[in-house]
Amino acid sequence: MLWRSVVGKLWLTILLLVLAVLIILTMLLTQFFETFHDNQAKDQLTKMADRLVVILEKDPNSTEAVRITKEMADVYSMSVMMIDSSRQPVLPASSSKDSELDIEVFLSNKQLSDVPQKRVKRFVKEEFPLKQEGGTEDHTMIIYGEPYRDPSGGTGAVYVYQSVENIAKTTDQAKKLIFIAAGIAIILTTVFAFFLSSRITAPLRKMREAAMLVAKGEFDAKVPILTHDEIGELGMTFNRMGRQLKNYVQALNQEKEQLSGVLSSMADGVITFDRKMNILVTNPPADRFLQACYYETGMSAKEKYSLPEAVSQQFNQVVTLEREQLIEVALQGRSWVVVMTPLYNQSLIRGAVAVLRDMTEERRMDKLRKDFVANVSHELKTPIAMLQGYSEAIVDDIAETEEEKKELAGIILDESRRMSRLVNELLDLARLEAGHMKLYKSWINIHDYASRILRKFHGPAKERKIHLHLEAELEDSSGELYADADRLEQVLTNLIDNAIRHTAEDGEVILRASISDAAVKVDVTDTGSGIPEEDLPFVFERFYKGDKARTRGKSGGTGLGLAIAKNIVEAHDGVITVHSKRGEGTTFSFVIPRNMDGEV
């Protein structure tokens, strides 16, 4: 609305100010003119009366004096009434308008009748009946009475009077002119004030539009400089402020992007808290930690109460003790180390910064190292104990016959070979995991290669009464793969041997090979006892065994075969998987990409 704008307020202020001044001035001028005309009329009446008195007193010809008096009264539009000492009219009342007052008015009015008696001058302003054409009407009259001495030595009175209406007409005309001038002044003031306020506020409106654009982020908005006064200087200052603000915002954005980039690229999580433990800043690893916290506590909002109790206590200690605190938190199966330090605002603590490191893999590796030592110790303990026991039996001549000695020596040889095989497999696994195992690749005919390996197991399969089959699905006649034949044989040997050992009599083991332009897929399927569902994620770990008691016998082994097979397949850029159902059988599958160019 106009009244709420600067233009409207400025225009209305100027208009009201000028209007107030004009009203006061009009009132003063009106009062002045009313008083002025009244005083002027009294002064004229006084002068007229003085002249008439002088004429009457000094002119010996009374008739001529009366005539001169009448002519003077007609000239000045006044009426004259003269009364002699006997209170009789000397000169009838007359005026230019042929209006007159009756003599009884002068004789009955106490103040007017006192003029000849007390020889005083009187001014009277009252309402009297005035004789006019058409009758008698009441009019307010100004009457001035002055005594004079007639030729007979008596005291008479000269009354000069005039109707107030004549004075009022002059005053009304002056008022009319004043009101017309005031109206013209108000109109001119309105136009001038509106023009002036619009011109003054035009740069302010431009500045307001530019400020709104700056508030929306458009810092290139400029205010046009139309004048060189204070408003022009304000516009130049505003433009300078916009440029500086743009530079500051760009600098802040760059710093923010740098900080955001650093936080986002950090492997460790970072969380910033205020003094009330409200979360201020996080990065992606910290978000994963918080999501785990929210899931575990059943909350969806980032509140301090959704964090683990240990983290809340750590925050309280950091704020209270003003020093770094370190804890380790287990959350959703993962281990997090939380290092929290106080965050200062000059000399006061305004919060804390927590650095989160996912130590799950490190803890798992520690556990694997411990388990590895325990497993190796366990695996070596049995053959070493048997070697020691049977050796002592031979030394102590417990075996008396040659056949018993040969039997004990055979057991010692088998345990030595098994221990040697365990050490060799450990060395192979270490080289594979360290990437030090070199592959000697060559072109392999899949069908011939699979048939040759399968023939090695015909004897053990026949002893166990297990049916062994080969199924090959080749899309081209070549059916070749560029790979390390010895290492793949080690994989297939391990998988087929496991399948035969875990399959009951009259069971079936199938070696299935399928080849396409992109890769070779090999499946080893058995109808054995299967692997428990809870053990499937761990079958490729070192020293995994299906028999928890690690018993020797048909299913005996080192527990390193599948771990070695997995590393060999991955060394060929392949993938190995397992699918099994308890009591129905197991299928081990691996896929190796074909290298058609023969590049190593």
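In this text, residue positions in the sequence shown follow this note's numbering: the first is 5, and each later residue adds one.
Glycine included, each C-beta is placed from N, C-alpha and C at the ideal position.
Spatial distance of residue i from residue j (CA atoms)
i    : j    : result
N287 : R327 : 23 Å
A569 : N428 : 14 Å
K442 : E407 : 45 Å
V22  : K13  : 14 Å
D47  : G158 : 27 Å
M145 : W15  : 48 Å
K552 : D432 : Bear in mind that a pLDDT of 49 at K552, under 50, signals an unreliable position, so the number given afterwards is only what the model happens to contain. Approximately 25 Å, taken between the alpha carbons.
D488 : V573 : 10 Å
F461 : I450 : 17 Å
K114 : A178 : 35 Å
D400 : D501 : 38 Å
D78  : F199 : 55 Å
K101 : S117 : For K101, the predicted model reports a pLDDT of 44, less than 50, meaning its position is unreliable; a value from the coordinates is still stated below. Spanning the two alpha carbons is a distance of roughly 25 Å.
T345 : V322 : 6 Å
R368 : E300 : 22 Å
S520 : G565 : 28 Å
K409 : I402 : 9 Å
T39  : A206 : 48 Å
S559 : K374 : Below a pLDDT of 50, predicted positions are generally treated as unreliable, and S559, at 43, falls in that range; the measurement from the model is reported next regardless. Approximately 25 Å between the Cα atoms of the pair.
F319 : I283 : 12 Å
I448 : N571 : 20 Å
E545 : M270 : 30 Å
M4   : S381 : The question about residue 4 has no answer here: the residues shown for the chain are numbered 5 through 604.
L430 : P387 : 16 Å
S339 : S268 : 21 Å
G160 : V109 : 16 Å
Q317 : V359 : 16 Å
R586 : E538 : 11 Å
Nearest-angstrom beta carbon gap, residue j and residue i [assumed within contact, 8 Å]
i    : j    : result
V579 : T590 : Contact flag wrong, Cβ pair sits at about 17 Å.
L26  : A186 : 5 Å
I415 : Y394 : 5 Å
V162 : M86  : 5 Å
A465 : L472 : 4 Å
A517 : V528 : That pair is no contact at about 10 Å.
Y152 : V57  : 4 Å
L496 : I457 : 5 Å
L49  : V164 : 5 Å
L384 : I398 : About 21 Å separates the two Cβ atoms, so there is no contact after all.
L105 : R91  : Going by Cβ atoms, the distance from L105 to R91 rounds to 15 Å, so no, they are not a contact pair.
A197 : I18  : 4 Å
A225 : L217 : 4 Å
Beta-carbon spacing of residue i, residue j below 8 Å
i    : j    : result
Y148 : F127 : yes
A508 : G483 : no
P312 : V343 : no
A513 : S593 : The sequence as given places Val at residue 513; Ala does not occur at that position. No.
L249 : F223 : yes
R598 : Y453 : no
L330 : V341 : yes
D272 : R361 : yes
L76  : Q166 : The sequence shown places Met at residue 76, rather than the Leu named in the question. It is not a contact, given that the beta carbons lie outside the stated cut-off.
L20  : I182 : no
A53  : E150 : yes
D530 : K469 : no
P120 : I107 : no
S584 : L515 : no
V227 : K210 : yes
Residue closest to residue i, alpha-carbon to alpha-carbon, out of the options
i    : options                : result
L230 : I204, V543, R247       : I204
G534 : D490, I514, A523, E588 : E588
R247 : Q321, A215, F110, E234 : A215
V357 : D233, V274, A45        : V274
R491 : I596, E538, F542       : I596
L335 : A413, L294, V218, A219 : L294
K122 : D142, S89, V227        : S89
K74  : R55, R91, Q92          : R55
V285 : A503, S420, S264       : S264
M390 : S420, L192, K371       : S420
D176 : R71, D42, R212, G463   : D42
C1   : L499, L325, G337       : Past the edges of the chain, shown from 5 to 604, lies residue 1, and the structure says nothing about it.
V266 : P289, N251, Q254       : P289
E234 : L208, G221, E213       : L208
A567 : L192, E537, Q494, R586 : Q494
Assess, as a yes-or-no matter, whether the segment 235–245 is touched by the segment 259–278 under the definition of 3 or more beta carbon pairs within less than 8 Å. Because the criterion of three Cβ pairs below 8 Å is not met, the segment 259–278 and the segment 235–245 do not touch.
Do the segment 164–178 and the segment 187–194 make contact, defined as three or more Cβ pairs closer than 8 Å? Remark: fewer than three beta-carbon pairs, one from each stretch, lie closer than 8 Å, so the segment 164–178 and the segment 187–194 are not flagged as touching.
Under 8 Å: do the segment 348–364 and the segment 274–281 share three or more Cβ pairs, one atom per stretch? Touching, per the Cβ criterion.
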